[in-house]
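Numbering (this note's numbering), first residue to last: 81 to 357.
Here is the structure:
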């Protein structure tokens, strides 16, 4: 996910810098409510989802399911299937969708799409940051028979510490965390569009199967993808729901808490930024 990390990070920071210039009062952007969204992503139901991600990994790995799923896909060649390009699609889709919506919203002065794009970008970055942090401290090897002759043992191996297994491969799946967060944030933001929700969750299913099957099952263990999906859902649903609430408030003329300019902005030179919690 290194390439995706750089792309999303660059766009995220640039959009945060230019958004005050492009839009007026009550505009929502990729920085909107980020501290609250991080906090909310680990509260209540979301805390249950994070716990489920950890406990499910323990149960799946120790029961041998991870190894059995790997064995199943290791006998299949996915080079010609529609899932062969899943990793590449997963690299770029959150950026393209989130960035596209955000850019379109600003160019066309469509603040709803600006807010939706902001939700996708923020959820993607939070998902990527969280999965990268977890990978860097859990040190789980990916299914690679050339590196680990005893794959059954490898499926149960974690090397806790810091960067003992790098931050690219490992637990949880960054593809599932990021893409689930992005798709879920979009589904929750457009809560009144059932067709879009079907598309979003179908896309998550596509990524889920594609990551498990990729290159004869050598990309991730099954439990990596389960945990990534649960973590991504917790983050994405929170960001999408909270961004939609702020959008609804802005549509009613209420204070969103993130106004780039005071009411008498025209009377003052320069750019003013105010933030309330």
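Glycine is no exception: its CB is placed at the ideal position from the N, C-alpha and C atoms.
All values reported here derive from a predicted model rather than from experimental measurement.
Buried versus exposed call for residue i [16 or more other C-beta atoms within 10 Å across all chains shown]
{"i": "residue 115", "result": "exposed"}
{"i": "residue 239", "result": "exposed"}
{"i": "residue 273", "result": "exposed"}
{"i": "residue 275", "result": "exposed"}
{"i": "residue 206", "result": "buried"}
{"i": "residue 306", "result": "buried"}
{"i": "residue 168", "result": "exposed"}
{"i": "residue 112", "result": "buried"}
{"i": "residue 162", "result": "exposed"}
{"i": "residue 223", "result": "buried"}
{"i": "residue 128", "result": "exposed"}
{"i": "residue 186", "result": "buried"}
{"i": "residue 124", "result": "exposed"}
{"i": "residue 322", "result": "buried"}
{"i": "residue 153", "result": "buried"}
{"i": "residue 119", "result": "exposed"}
{"i": "residue 188", "result": "exposed"}
{"i": "residue 137", "result": "buried"}
{"i": "residue 221", "result": "buried"}
{"i": "residue 194", "result": "buried"}
Collapsed DSSP secondary structure at residue i in the structure displayed
{"i": "residue 229", "result": "coil"}
{"i": "residue 102", "result": "In this prediction, residue 102 has a pLDDT of 46, which is less than 50 and means its spatial position is unreliable; what the coordinates show is noted afterwards. DSSP places residue 102 in helix when its eight states are reduced to three."}
{"i": "residue 145", "result": "helix"}
{"i": "residue 176", "result": "helix"}
{"i": "residue 339", "result": "Residue placement at residue 339 is poorly supported in this model, since its pLDDT is 40, which falls under 50; the coordinates are not used for a value here."}
{"i": "residue 241", "result": "coil"}
{"i": "residue 127", "result": "helix"}
{"i": "residue 299", "result": "coil"}
{"i": "residue 122", "result": "coil"}
{"i": "residue 113", "result": "coil"}
{"i": "residue 189", "result": "coil"}
{"i": "residue 315", "result": "helix"}
{"i": "residue 218", "result": "helix"}
{"i": "residue 246", "result": "coil"}
{"i": "residue 236", "result": "coil"}
{"i": "residue 251", "result": "coil"}
{"i": "residue 161", "result": "coil"}
{"i": "residue 273", "result": "coil"}
{"i": "residue 344", "result": "Confidence at residue 344 is low in this model, with a pLDDT of 34, below 50, so its placement is unreliable and no value can be given for it."}
{"i": "residue 156", "result": "coil"}
{"i": "residue 224", "result": "coil"}
{"i": "residue 107", "result": "coil"}
Rounded Cβ spacing between residue i and residue j (contact assumed at less than 8 Å)
{"i": "residue 158", "j": "residue 303", "result": "Actually they are not in contact, since the Cβ atoms of residue 158 and residue 303 sit about 20 Å apart, beyond 8 Å."}
{"i": "residue 281", "j": "residue 320", "result": "At roughly 13 Å, the Cβ-Cβ gap does not stay under 8 Å, so residue 281 and residue 320 are not in contact."}
{"i": "residue 198", "j": "residue 109", "result": "5 Å"}
{"i": "residue 170", "j": "residue 292", "result": "Rounded, the Cβ-Cβ distance is 12 Å, inconsistent with contact."}
{"i": "residue 252", "j": "residue 308", "result": "4 Å"}
{"i": "residue 150", "j": "residue 249", "result": "Contact flag wrong, Cβ pair sits at about 14 Å."}
{"i": "residue 178", "j": "residue 314", "result": "The Cβ separation is near 18 Å, so there is no contact."}
{"i": "residue 215", "j": "residue 183", "result": "With 8 Å as the limit, residue 215 and residue 183 do not qualify as a contact, their Cβ atoms being about 30 Å apart."}
{"i": "residue 121", "j": "residue 257", "result": "Not confirmed; about 12 Å, so no contact."}
Length of the line joining the Cα atoms of residue i and residue j
{"i": "residue 26", "j": "residue 236", "result": "Here the chain comprises residues numbered 81 to 357, so residue 26 is not present and cannot be evaluated."}
{"i": "residue 117", "j": "residue 316", "result": "10 Å"}
{"i": "residue 181", "j": "residue 196", "result": "7 Å"}
{"i": "residue 134", "j": "residue 327", "result": "33 Å"}
{"i": "residue 211", "j": "residue 287", "result": "16 Å"}
{"i": "residue 254", "j": "residue 311", "result": "10 Å"}
{"i": "residue 278", "j": "residue 175", "result": "20 Å"}
{"i": "residue 217", "j": "residue 208", "result": "15 Å"}
{"i": "residue 225", "j": "residue 298", "result": "8 Å"}
{"i": "residue 126", "j": "residue 227", "result": "36 Å"}
{"i": "residue 130", "j": "residue 284", "result": "18 Å"}
{"i": "residue 155", "j": "residue 164", "result": "15 Å"}
{"i": "residue 166", "j": "residue 294", "result": "8 Å"}
Near the ligand SAM: residue i beta-carbon under 7 Å from a heavy atom
{"i": "residue 114", "result": "As presented, the structure is devoid of all ligands, the ligand SAM included, so that no description of it is given."}
Closer than 8 Å to chain D by CB, residue i
{"i": "residue 205", "result": "The question asks about chain D, but that chain is absent: this structure has only one protein chain."}
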